[in-house]
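Numbering (mature numbering (1 follows the signal peptide of the UniProt record, and there is no 0)), first residue to last: -27 to -1, 1 to 308.
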Amino acid sequence: MKKKQINCISRILVLLLILFSSRLSNAEPIKIIYSTYFPASYDYLLNPVINFTEKVEKQSNGRVKFKIYHSKQLFGAKEEFEALKDGKIDMSAPNFLYHTDIIPEYGIVSLPFLYDSVESLQKIIDKGLYDLGIKEKLAENNIVFLSAGVADPYQIYSKDFPVLTPFDINGKSWAVSGDTHKKAIELMKGKPITMGSGQIYMAFQRGVIDGTTRPLITGRGRKIYETVDYLSINNFSFLSSDLCINKKKWESLPEDIQEIIKKAAKERTEEQAQMVKNYSQDTIKFFQEQGVKVHINTKQETDKFRKAMEPVYDWWLTQVPDGKKYIDFVKTHQK
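Structure, rendered in structure tokens:
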């Protein structure tokens, strides 16, 4: 009798397990909407994200499904932060340079001539730069930071004249993004105009601007090489493509899915780093082939710009009460 009871219980447990497994297999996958204003031509920024989503889908055994919108299909560069904050999209890599009025600490990434190289900034972020308060500020805006991927630096594009010294900025109109870039141009007696990347081509054609500070990927992707004569490679400032997710969405995910996402996000950073290096080398050559005169600054020339930017650091410290700890952190870990 006892043996029959055990067999009966075993059968029931097997049936329950089959039923539970069936429900799991038939469960609706978790849907994550990823939005970026980057066009498809921004391949070193977009392709690692696509690979990231595919890894998460595969490693979750289909429990997660991404829907990717690019090229401003949902929101533009200045809208993605609010859209992510409000949960209108689930995941993005917003350009926080447009939102230093909300998170002024983020300006540490773009302070002109503060960093030696892409590799240097990536190392400093990985050492904990964002742990000083940026992650906390993002969380206050319902955003969870996943990983940072440093993009190619901002360079200086100009029409009719080369930019070899800070004096060459004087009196000209410049398209910029963010308060820090605006202040830097003002300091060199230029006239800054805050402008999205998609507006630059037409602004050059119409004579609205004389130059701009933008990464190589913008110059190539937006075909700015068709409208300018000169490109100065001086690593004016940097941009980090930071993968983030809406806080409410993040907290709704099972713990194992969170771990899969964090691992894939780290791998996205590593993949992008190699692509940035290759892209920069290839694009400088591409610009030269298009007839753009490219000048690569010497250390002595860059030092002149760096010296001219010291008041920008002082100004930034007035905007960020605890900003000194960020600059000290950079100087400590850049050695």
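For each residue, glycine too, the CB sits at the ideal point set by N, CA and C.
In this text, all values refer to a predicted model and were calculated from it rather than measured experimentally.
Run through DSSP, which three-state label would SER150 get? coil
Please go through the region 7 to 43 and give each complete alpha helix (DSSP H) segment of 4 or more residues, from N-terminal end onward. 16 to 32
DSSP state of SER90, grouped into three classes? coil
If the criterion is Cβ atoms closer than 8 Å, does the pair LYS221 and ASN115 meet it? yes
Could you give the first and the last residue of the continuous alpha helix (DSSP H) run that contains PRO284? 283 to 292
Exposed unless 16 or more other CB atoms sit within 10 angstroms - verdict on ALA66: buried
Taking the alpha carbon of ASN207 as the reference point, which residue from THR305, LYS236 and ILE269 has its own alpha carbon closest? ILE269
Contact between the region 34 to 48 and the region 72 to 92 is defined here as three or more beta-carbon pairs at a separation below 8 Å; is this criterion met? no
Give me the Cα-Cα distance between HIS72 and ASP295, rounded to the nearest whole angstrom. 18 Å
Run through DSSP, which three-state label would PHE259 get? helix
Should VAL181 and SER150 be called a contact, given that it needs their Cβ atoms to be closer than 8 Å? no
Rounded to the nearest angstrom, what separates TYR299 and GLN307 at their Cα positions? 12 Å
Close-in-space but distant-in-sequence residues of the same chain around LYS156 (CB under 6 Å, 5 per side omitted): VAL285 and TRP288
Proximity below 8 Å, CB of SER33 to CB of GLY194: no
N-terminal and C-terminal residue of the beta strand (DSSP E) that ASP215 is part of: 213 to 219
Using CA coordinates, which residue listed in GLY80, LYS132 and SER225 is at the minimum distance from ARG179? LYS132
For GLN292, which of THR153, GLN95, CYS217 and LEU226 has the nearest alpha-carbon? THR153
What are the start and end residues of each continuous beta strand (DSSP E) run of 3 or more residues lying completely inside the region 164 to 221, in chain order? 164 to 167, 184 to 188, 203 to 210 and 213 to 219
Between which two residues does the beta strand (DSSP E) harbouring HIS268 extend? 266 to 269
Less than 8 Å between the C-beta atoms of ILE97 and GLU78, yes or no? no
How about ALA50 and TYR7: do their beta carbons lie closer than 8 Å? no
Under a Cβ-count criterion, where at least 16 other Cβ atoms within 10 Å of its own Cβ denotes burial, should ASP301 be classed as buried or exposed? exposed
Just to check, is the beta-carbon of GLU27 closer than 7 Å to a non-hydrogen atom of the ligand FAD? This structure lacks the ligand FAD; in fact it carries no ligand of any kind.
For LYS38 versus SER120, is the C-beta spacing smaller than 8 Å? no
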